[in-house]
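To keep things clear, I will list the structure first and then write my remarks on it.
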Amino acid sequence: MQHKFGMNLSWSQGRNGTGNLTSTNLNTIVSIPREMNGPGIGTNPDEMLLGASATCYLITFAALLENAKIPVEALSMESEGFVDVTDGVFTYERIVHKPNVKVPHLPEREENLINRLAQKAEQTCMISKALKGNVHIECHLQIEQASDCQ
389 MQHKFGMNLS WSQGRNGTGN LTSTNLNTIV SIPREMNGPG IGTNPDEMLL GASATCYLIT
449 FAALLENAKI PVEALSMESE GFVDVTDGVF TYERIVHKPN VKVPHLPERE ENLINRLAQK
509 AEQTCMISKA LKGNVHIECH LQIEQASDCQ
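Okay, here's the thing in structure tokens:
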């Protein structure tokens, strides 16, 4: 089975113009970010690549935790993307995911399993696999045990 995703993009003006990107569930303005001497209006390809990587990772991690029947009270994440500019060449070098999992209890066996699942999510996420060999992806997991309210 194959899934097809589509999007439309219109662009006005040259390098420092803006575009409108639309798909079934997305409608946003795009431009080159201020950090790269663009107008910084709306989002940009760098943020969208980071967003695709982060959401794919977190959805995959959530599914793996659910399948392992690990009770999760909260799941969140911060992600950062690093782009190098050398001699005018832009290279998306690295993405760092920092997931945070809050669980009601944390026996050592469960902590080890959560760590393995965090790594497995990075290895099996569709976007991570698409970027493999081009963008280095790191995962720095933090696990918290929820405090008892007694």
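Once you know that position 51 of the sequence shown is 439 in the working numbering, the rest is easy, because the numbers rise by one and skip nothing. Even glycine gets a Cβ: it sits at the ideal position worked out from N, Cα and C. All values derive from a computational prediction rather than experimental measurement.
Within the same chain, and ignoring the five residues on either side of W399 in sequence, the residues whose Cβ sits closer than 7 Å to its Cβ are G405 and G407.
When the beta-carbon positions are compared, Y445 and S516 come within less than 8 Å of each other.
For N503, the enclosing alpha helix (DSSP H) stretches over residues E496 to T512. Distances from the CA of E468 to each of A440, N425 and S419 were compared; the closest alpha carbon is that of A440.
By the neighbour-count definition (other C-beta atoms within 10 Å, threshold 16), V473 is an exposed residue. Burial state of E510 is buried, judged by a 10 Å Cβ sphere holding 16 or more other Cβ atoms.
In the structure shown, the three-state DSSP call for G469 is strand. In this structure P459 is exposed. Its beta-carbon is surrounded by fewer than 16 other beta-carbon atoms within 10 angstroms. The alpha-carbon of M514 is positioned some 32 Å away from that of D475. Under a 10 Å Cβ-count criterion, A462 is classified as exposed, with fewer than 16 other Cβ atoms of the shown protein chains found around its own Cβ. A distance below 8 Å separates the beta carbons of T416 and T431. In this structure L529 is not in contact with A456, their Cβ atoms being roughly 15 Å apart against a cut-off of 8 Å. Around the beta carbon of P492, a 10 Å sphere encloses fewer than 16 other beta carbons of the protein chains shown; the residue is thus reported as exposed. Around the CB of H391, fewer than 16 other CB atoms lie within 10 Å, so the residue is classed as exposed.
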